[in-house]
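K.L.:
Taking our numbering as reference, the numbering of the sequence shown is continuous, increasing by one, and the terminal residue is 64.
Backbone N, C-alpha and C define an ideal beta-carbon position, used for all residues, glycine too.
The following block contains the structure, expressed as structure tokens.
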Amino acid sequence: LQQGNIVAIPRSSNSARMAENLDVFDFTLAEEEMNRIAALKRNDGRIANPAGRAPAWD
Numbered sequence: 007l008q009q010g011n012i013v014a015i016p017r018s019s020n021s022a023r024m025a026e027n028l029d030v031f032d033f034t035l036a037e038e039e040m041n042r043i044a045a046l047k048r049n050d051g052r053i054a055n056p057a058g059r060a061p062a063w064d
């Protein structure tokens, strides 16, 4: 997400998990991987939209 200029907001009250959440710079995705993720984009901004579970306003 960081490479795609998208911010992830992790949430935890466990101090060990908070430290783990900050350790996100130990790898990078290849261009092909980033392209595959970008191909998942939809016009409505959703990647997953299970039938029957989307709110009525969608």
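For Leu46, which three-state DSSP category applies?
P.N.:
Sequence index remark: in the sequence shown, residue 46 carries index 40 (1-based). It is coil, neither helix nor strand.
K.L.:
Starting from Arg23 and walking both ways along the alpha helix (DSSP H), at which residues does that stretch end?
P.N.:
Within the sequence shown, the letter at position 17 stands for residue 23. Taken as a continuous stretch (DSSP letters only), the alpha helix (DSSP H) holding Arg23 covers Ser21 to Leu28.
K.L.:
Express the C-alpha separation of Glu38 and Ala45 in angstroms, rounding to a whole number.
P.N.:
To locate residue 45, count along the sequence shown from 1; it is residue 39. To locate residue 38, count along the sequence shown from 1; it is residue 32. Answer to the nearest angstrom: the Cα atoms are 11 Å apart.
K.L.:
How many whole angstroms separate the CB atoms of Ser21 and Asn27, which I take to be in contact at a CB cut-off of 8 Å?
P.N.:
The residue given as residue 21 occupies position 15 in the sequence shown. The residue given as residue 27 occupies position 21 in the sequence shown. The Cβ separation is near 11 Å, so there is no contact.
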